[in-house]
Amino acid sequence: MSPSSKVLPKRQALFEKPKNIGDVPLLVCTAGMAAFGCVMVYSASSYVGEVLYDDAFFFVTKQLVGGAIGLLAMVAAAFVPYKKLAALKYPLAALAAVLLALVFVPGIGVTNYGATRWIGLGSLTIQPSEIAKYAFVLFAAAHFAKNYGRARSFKGVAPVLALGVVYCALIIAEPNMSITMCVGLLMLALVFLSGTNLKTFAVMLVPCVVAVPVLIALEPYRLERLSAFIDPWASPRDEGYQLIQSLYALGNGGWLGVGLFNSTQKYRFLPFAESDFIMSVMGEELGFIGLIAFFAVCLFMIWRGIAIARRCTQPFGYLLAAGITLVYGIQVAVNALVVSGCIPPTGLPLPLISSGNTSLVITMASMGVLYNISAER
Amino acid sequence: MTVLQKRLLSVVLAITFIFFIIAARLFYVQVIWGRELVMRASDQWNREIPVVAARGLIYDRNGTVIAGNTQSYAVFARPNAVGDKAYAAAMLAPLLGQDEGAVLKKLHKSGVSEVTLARQTGRAAVEGIISLGIDGIYYSPDTSRAYAYGDALCQVLGFTSSDGLGLSGIEKVYNDVLSGIDGSILYSSDIVGNLTDGTDIVYREAVDGDGIMLTIDIDIQLVAEQAVRRVCLSSGAESASCIVLDPNSFEVLAMVNYPSYDLNDIPRDEPEVLNSLSRNTIVCDIYEPGSTFKVVTAAANLQEYLNGNTAAFSPTYIFNGSRTRSVDGTTIRCWSDHANGKHSSQTLALALNNSCNPCFTDIALALGTNVFYDYLTLFGLGNVTGIDFAGEALGMLVPQSLVRDCDLARIGFGQTVAVTGLQLACAVASAVNGGNYYVPSLARGVVSKDGSVEELSPVLKNTTISERASAMLCEMLEGVVAEGSGKNAYIEGYRVAGKTGTAQKYENGAVAQGKYVSSFVGFFPANEPRYLALVIVDEPQGAYYGSVVAAPVAAEIFNGIISVKNIPPVE
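One line per chain: the protein sequences are E and B, in this order.
First residue of the first sequence: 1, per the numbering used here; consecutive thereafter.
First residue of the second sequence: 378, per the numbering used here; consecutive thereafter.
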C-alpha cells in the first residue's frame with residue numbers, strides 16, 4: 001500500500017459513475033437484508049401496532065419508507081467517489097458531536113424508557129449516536145490516511161482517541177452503554193488496523209478495560225441488569241424480564257422455528273420485539289437453522305467488506321472499508337450476544353433489520369460507500 | 378503478508394470467533410434448553426377461565442328438591458390489565474361487598490395471571506361491574522346453593538364454602554358426588570390476557586355433579602321440625618332433637634336438632650355460633666339415656682328366656698317389690714317411692730309400664746356381665762352405627778374387663794352408659810323389627826343427570842334377637858303407651874308403642890341438680906313397626922319427666938305422619 005494518500009483534484013462532480021463494476025453481491029445482500037427486515041418488522045410489530053395505534057402496518061409502513069430512502073441513499077453513495085468523503089472528516093465529526101450534545105437540550109432531546117437518545121425534528125426522531133459511529137470511522141480513516149506513518153506512536157493516534165473519548169462520553173451520558181461499547185470497540189479496532197505499535201495499542205487497551213467496571217459502578221441500574229443477566233429468574237418481573245422473554249422466544253423456536261408470522265412472544269410479551277429484540281422473534285419464527293442462515297449472510301457481507309478493504313491500495317479506502325464493515329459486524333455481534341443472553345441487555349438495534357430509520361438509512365448508505373470503494377481498482 | 382494484512386486477518390478471526398460463540402450459545406438456548414423454556418413460558422401464554430360445574434341437587438326420598446342451585450357469577454381480575462387499580466378497587470368493593478383495601482390488595486397481586494375477586498356473586502352486582510367497564514375485570518357463570526326449606530334439616534344437609542366445597546353434613550360427606558368436575562376455557566392470550574387471533578380456544582366442558590336422594594321424607598321432616606321446635610320453646614329446654622327411622626331398613630326419615638339456623642343465611646361471621654348450631658347433636662353428641670335403655674335390657678332378657686337361659690326372667694315372673702337393691706355396697710333406688718302399692722307385683726311388662734329401676738338391675742345382674750355385654754355389642758352400643766355422616770360419636774360403655782356389678786346394675790336401667798340418639802334409636806329399632814340391625818343411612822341413592830336413581834340397598838349389620846322375642850317386646854311396649862308411663866303418646870286406633878326416659882345430667886362427675894334429659898322412643902304400628910321416633914329434650918324447665926315432656930312430642934309427630942301419609946286407623 002502506498003504510504004501517502006492522493007490529493008483530490010478540485011471541481012469534480014459530486015456523483016460519478018464508478019469506472020469498474022464493484023461488489024454487486026454486497027448491494028444485493030444489503031437490499032435483501034432490508035427487505036427481509038421489513039418482513040420481520042411486520043411480523044414482530046403487527047399485533048403491537050394494532051393494539052397501540054389501531055394499525056397493524058404502523059411500524060412496517062415507517063420501515064418501508066426508511067427502506068426506500070435507504071435504497072436511494074445507498075445508490076447515491078455508490079456513485080459518490082469515496083475519496084471525496086475525506087473532505088468531510090472535520091465537518092461530519094463536528095456535526096455528530098453537536099447532534100450528540102443537542103440530545104441534552106430540553107425541547108429537542110427526546111426521552112424514552114429513561115434514556116435521552118433521540119432528537120426530535122417534528123414527527124421525525126433521529127438517533128445521533130448512529131451518525132456518530134460513521135463520523136468516527138470517517139475521521140479515523142482520513143486521519144490515519146493523512147498521517148499514515150505517525151500512527152505507530154501514541155501521539156499519532158491521539159486525535160482519533162480524543163474524538164472517540166468525546167463521543168463515548170456524550171453517548172454514555174444519554175445513557176447508552178451498548179453504543180458506547182460499540183464506539184469503544186470500533187476505536188480499538190481502527191487503531192489496531194491502522195498499524196499502530198502493539199505496545200501503543202496495549203497502553204490504550206488498559207483504560208478501556210478499566211472503564212467497564214467503573215461505568216457499571218457509576219449507574220446502579222447497570223449492576224441490576226448485570227445481576228439479572230446472571231440469573232434472570234431472580235427478578236422475573238423487573239430487571240430479568242426482558243432477557244427471560246427473549247429466551248422464551250428463542251426456546252420456542254427450537255431447531256426450525258414456529259413459522260413466519262407465528263411468534264407467540266410478539267403478543268406484547270417481548271418488549272422491543274420490533275426493534276432491539278427482533279432477533280428473538282426471528283429465532284422464534286425461523287428457529288436455530290434460520291438464525292444460522294441469517295448469520296451466514298451477515299458473515300458473507302462482513303467477508304465482502306473485509307475483502308474490499310484488503311484489496312484497497314490506499315490507506316483511506318482500506319480503513320474506511322474496514323471501519324464500515326466493523327460498524328456493521330460489531331452491531332450484529334453485540335445484538336446477538338444480548339438477545340441470546342451472553343451479555344446484559346442493552347439497547348442496540350440489529351442493523352438493516354430492526355425497526356428504526358436512522359440506523360437503516362445510514363447503514364444502507366454506508367454499504368453504498370463500501371460498494372464505491374470496491375469499484376476502485 | 379504485510380502487517381496490515383495480518384491485522385485484518387486477526388480482526389476477521391476475532392469476528393469469526395465471536396460468531397462461533399453466538400452460534401454455540403443459540404444452539405444451547407434453542408435446541409437444548411428450548412423445551413424447558415417453552416414449559417416455563419406456557420404459563421404466560423395460556424389463560425384458563427374456569428367453568429364451574431353445577432353442584433348436584435339434594436332430594437328427599439320422594440324426589441322433592443331440598444338443596445337446589447341458583448345462577449350466580451364468579452368475578453375475576455387480571456391484575457396487569459387493570460389500569461387504575463385504586464379506582465377499580467374503590468368502584469368494585471361496594472358491589473362485591475368487600476373491603477376496598479382487600480380488593481386493592483388482590484389487584485396488586487403479582488406473579489399470577491388471574492385472581493378471583495369473588496365467587497357466587499349475584500346478578501345485580503355483576504351487572505353493576507359490567508356497566509363500570511373496567512379493563513381486566515371479567516366474570517364467569519357460577520352456582521350458589523339455594524335451600525328450599527331454610528333451616529329444616531340444616532345440620533344434616535350442611536353447607537358449602539363460597540368456593541362450592543362441601544364443608545359439613547351431607548354436602549361434605551357426598552362432596553365428591555355432588556361437586557362434579559369443573560371445566561375450563563383455555564386460550565392463548567397476549568400479555569394482558571386478550572385473546573390472540575388465530576389461536577384455538579379449547580373448551581373443556583364442566584361435568585355437573587350428580588344428585589343425592591336422601592332417605593329423608595321432607596313431609597315427615599317438617600312435621601318433626603315443628604314438633605321439636607314447639608317442645609323446645611314451650612319447655613324452655615336448652616335444645617331438643619328427634620330422629621324418625623324406618624325400622625325395617627334404618628333409613629332416616631327425619632332428623633331434627635333445634636335450635637337451628639337458616640341455610641340460606643348462614644352466620645359465617647360468627648364461627649362459634651355456627652359451630653354450635655350446625656352440630657348434628659343426635660349423631661355426634663352422647664347423653665345418658667336413662668329408662669329408654671330398658672328396652673335393650675328387656676330385649677336381652679326375653680331372648681335369653683326363649684333361649685332357655687334359667688338366669689333370665691320369664692314374662693310371668695313377679696319381681697321383688699322392694700324399692701332398693703344393694704350392690705357392691707351401694708344402694709340402687711327406684712325413682713318411685715313404691716308407697717301405697719306402687720310398683721308391686723310387677724311382671725316384666727309392668728316393670729316396663731312403671732319403668733321400675735330395680736327390676737332391670739335384677740335382669741342385668743342375673744344375665745351377668747358376659748351375656749349382657751354380648752347383647753350390648755349386638756345392639757351396637759359403644760360403637761358407631763356407620764351412618765353416612767361425618768363425626769359420629771362412639772358412645773361410652775364401661776369396658777367389659779373393668780365393669781363392676783354396681784356398674785352393670787345401673788347400665789340395666791340406662792345409667793353409667795352414654796349413647797348417641799342415633800345409637801339408641803337403632804338399638805330399639807332392631808329390637809322391635811324382628812331383630813335385624815341395619816346400617817342406618819341418610820342417602821337413598823345417587824341421582825344421575827338423566828334423572829335415574831341408583832339406589833343403595835340397606836346393609837344388614839347383624840341380628841340382635843329373634844322375631845319371637847321381638848314380638849313379645851313390641852306387645853309389652855305397646856302396653857307402656859296404652860296403660861303405662863307412655864300414655865301421652867297414645868293415639869286412638871294406631872297401636873303406638875314406646876318407652877319413656879328421664880335421665881339426670883352430670884356435670885363434672887356429679888349429678889347436676891335440676892338438669893334432666895327427657896326422652897321418648899316410640900313406634901307404630903306395634904305389631905308391624907313402620908315408623909320409629911326418638912325425641913330427646915335437653916334440660917326442660919319445670920316438668921321434666923319423659924312421659925310428660927317427650928311422649929306428647931312423639932304423639933304429635935306420629936299424628937303428623939298419619940296425616941301426611943293418610944294412614945288409616947286399625948280396627
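We put the CB at the ideal spot given by N, CA and C, even for glycine.
Meets three-Cβ-pair contact criterion under 8 Å: the stretch 627 to 640 of chain B and the stretch 677 to 687 of chain B: no
Cα-Cα separation between G698 (chain B) and G718 (chain B), rounded to whole angstroms: 9 Å
Secondary structure of T674 (chain B), DSSP reduced to three states: helix
Under 7 Å by beta carbon: chain E residues contacting A400 (chain B): I292 and F295
Min CB distance I370 (chain B) to chain E below 8 Å: Outside the displayed span of chain B (378 to 948) sits residue 370 (chain B), for which this structure offers no information.
Alpha carbon of P3 (chain E) to alpha carbon of K146 (chain E), nearest angstrom: Residue placement at P3 (chain E) is flagged as unreliable, the pLDDT there being 46, under the threshold of 50; the coordinate-derived value follows with that caveat. So the alpha carbons of these two residues sit roughly 9 Å apart.
CB of A495 (chain B) within 8 Å of CB of L509 (chain B), strictly: no
Inter-stretch contact (C-beta, 8 Å, three-pair minimum) for the stretch 28 to 41 of chain E and the stretch 343 to 360 of chain E: yes
E284 (chain E) classed as buried or exposed, judged by whether at least 16 other C-beta atoms fall within 10 angstroms: buried
Start and end residues, beta strand (DSSP E) containing Q448 (chain B): V442 to A454
Heavy atom of the ligand ADP within 7 Å of V183 (chain E) beta-carbon: With respect to the ligand ADP, the structure shown offers nothing to examine, as it has no ligands at all.
Simplified DSSP assignment, three categories, for Y871 (chain B): coil
Proximity winner among B:T724, B:Y635 and B:D553, relative to P692 (chain B) (alpha-carbon distances): B:T724
Min CB distance L215 (chain E) to chain B below 8 Å: no
Assigned secondary structure, D623 (chain B) (DSSP; H/G/I helix, E/B strand, else coil): strand
M1 (chain E) classed as buried or exposed, judged by whether at least 16 other C-beta atoms fall within 10 angstroms: At M1 (chain E) the pLDDT is 42, less than 50, meaning the model places this residue with poor confidence and gives no usable figure here.
Buried or exposed by the 16-neighbour rule on C-beta atoms within 10 Å, applied to P648 (chain B): exposed
Beta-carbon gap between M632 (chain B) and V533 (chain B) smaller than 8 Å: yes
Every unbroken beta strand (DSSP E) inside the stretch 773 to 855 of chain B [3 residues or more]: 794 to 797, 813 to 815, 820 to 824, 830 to 832 and 837 to 840
Residues that R438 (chain B) contacts on chain E, provided the C-beta gap is smaller than 9 Å: Residues of chain E passing the Cβ test: none, with the nearest at roughly 55 Å.
C-alpha distance - L320 (chain E) paired with Y564 (chain B), whole-angstrom precision: 53 Å
For Y750 (chain B), the three-state DSSP class (helix, strand or coil): helix
At least 3 beta-carbon pairs within less than 8 Å: the stretch 925 to 945 of chain B vs the stretch 851 to 867 of chain B: yes
P394 (chain B) - containing alpha helix (DSSP H), residue span: Checking the sequence, you will find Phe at residue 394 (chain B) rather than Pro. Segment V380 to L403, the alpha helix (DSSP H) holding F394 (chain B).
Under 9 Å by beta carbon: chain B residues contacting G283 (chain E): L403, V406 and Q407
Cα-Cα separation between E844 (chain B) and V809 (chain B), rounded to whole angstroms: 8 Å
Beta carbon proximity, S178 (chain E) to chain B, threshold 8 Å: no
is_contact[L383 (chain E), chain B] using C-beta, thresh 8 Å: Nothing can be reported for residue 383 (chain E): it is not among the residues displayed for chain E, which extend from 1 to 377.
Secondary structure of F901 (chain B), DSSP reduced to three states: strand
Segment contact, 8 Å Cβ cut-off, at least three pairs: the stretch 911 to 925 of chain B with the stretch 876 to 896 of chain B: yes
Assigned secondary structure, D646 (chain B) (DSSP; H/G/I helix, E/B strand, else coil): coil
For Y564 (chain B), the first and last residue of its enclosing beta strand (DSSP E): G560 to S565
Near-chain B residues of the stretch 329 to 346 of chain E - C-beta to any C-beta below 8 Å: G329, A333, A336, L337, S340, G341 and C342
Interface flag, L385 (chain B) vs chain E, CB-CB below 8 Å: yes
Check whether T196 (chain E) and V157 (chain E) have beta carbons under 8 Å apart: yes
Members of the stretch 307 to 319 of chain E near chain B, C-beta cut-off 9 Å: A309, R310, P315 and Y318
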